[in-house]
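First comes the structure, then the notes that go with it.
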Amino acid sequence: MTIKMFAVAAAAALLLAGLPQVVQAKSIGPTGAAIVGGVAGLAIGAAIADANRPKKKIYYEGYAPPYRPGNYDPYFNQAFSPATGIVCYPAQRLCYNNGGSVSGNWTRKVYGY
């Protein structure tokens, strides 16, 4: 998000720089130009300050990760290969081809449907 804020501020600065000085002076004047420059500077400063701040992890009330890292249920790691190019997963009760598509023939042979 900070890159987007920087891009918007840069685009605004380029837009103002591209306008002729007469148009700038008549439309917003030197005081208005100073205000716009100050706002753009504040936006860039806020973007830089936000980029240096560590991001917070958001946890919802009552949420707990299902397993600690490295302590997954071994049931989900019991994949096996009944033939070359086929992998079956008991947790899903499905068999897959090497391409990632479901193998209906092997699913039927192994799991009975």
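Residues 0 to 112, numbered by numbering that gives the first Met the number 0, are exactly what the sequence shown covers, in order.
Ideal Cβ positions, reconstructed from N, Cα and C, are used throughout, including at glycine.
Can you give the beta carbon distance from SER102 to TYR95, rounded, assuming they're within the 8 Å contact cut?
For the purposes of this step, residue 102 is taken as residue 103 along the sequence shown, with counting starting at 1. For the purposes of this step, residue 95 is taken as residue 96 along the sequence shown, with counting starting at 1. That pair is a contact at about 6 Å.
What are the start and end residues of the beta strand (DSSP E) that includes ILE85?
As a working mapping, residue 85 is identified with position 86 in the sequence shown. 85 to 88 is the extent of the beta strand (DSSP E) around ILE85.
Any idea which residues DSSP pairs VAL101 with across the strands?
The residue you call residue 101 lines up with position 102 of the sequence shown. Per DSSP, TYR95.
Verify whether the separation of the beta carbon atoms of PHE75 and ALA63 is less than 8 Å.
Within the sequence shown, residue 75 is the residue found at index 76, counting from 1. Within the sequence shown, residue 63 is the residue found at index 64, counting from 1. Result no, Cβ atoms of PHE75 and ALA63 do not sit closer than 8 Å.
Give the range of the alpha helix (DSSP H) segment to which ASP49 is assigned.
Walking along the sequence shown from the start, residue 49 turns up at place 50. Its alpha helix (DSSP H) spans residues 28 to 51.
Go through its chain and collect everything with a Cβ distance to TYR88's Cβ below 6 Å, but skip five positions before and after it.
Here the question's residue 88 lines up with position 89 in the sequence shown. Once the five neighbours on either side are set aside, the close Cβ partners of TYR88 are ALA78.
Excluding the 5 residues preceding and the 5 following GLY37 in the sequence, name in chain order all residues of the same chain whose CB lies nearer than 7 Å to its CB.
On the sequence shown, position 38 is the one that residue 37 refers to. Taken in chain order, the list of residues that qualify is empty.
Distance between LYS54 and ILE85 (C-alpha atoms, nearest Å):
Against the sequence shown, residue 85 aligns to sequence position 86. Against the sequence shown, residue 54 aligns to sequence position 55. Computed Cα separation, rounded: 42 Å.
Quickly, what does DSSP pair PHE79 with across the bridge? List them, please.
In the sequence shown, counting from the first residue as 1, residue 79 sits at position 80. According to DSSP, PHE79 bridges with CYS87.
If you draw a straight line from the C-alpha of GLY98 to the C-alpha of TYR59, how long is it?
Mapped onto the sequence shown, residue 98 falls at position 99. Mapped onto the sequence shown, residue 59 falls at position 60. Computed Cα separation, rounded: 37 Å.
How long is the line joining the alpha carbons of TYR71 and ALA46, rounded to whole angstroms?
Position 72 of the sequence shown, counting from 1, holds the residue named residue 71. Position 47 of the sequence shown, counting from 1, holds the residue named residue 46. Spanning the two alpha carbons is a distance of roughly 39 Å.
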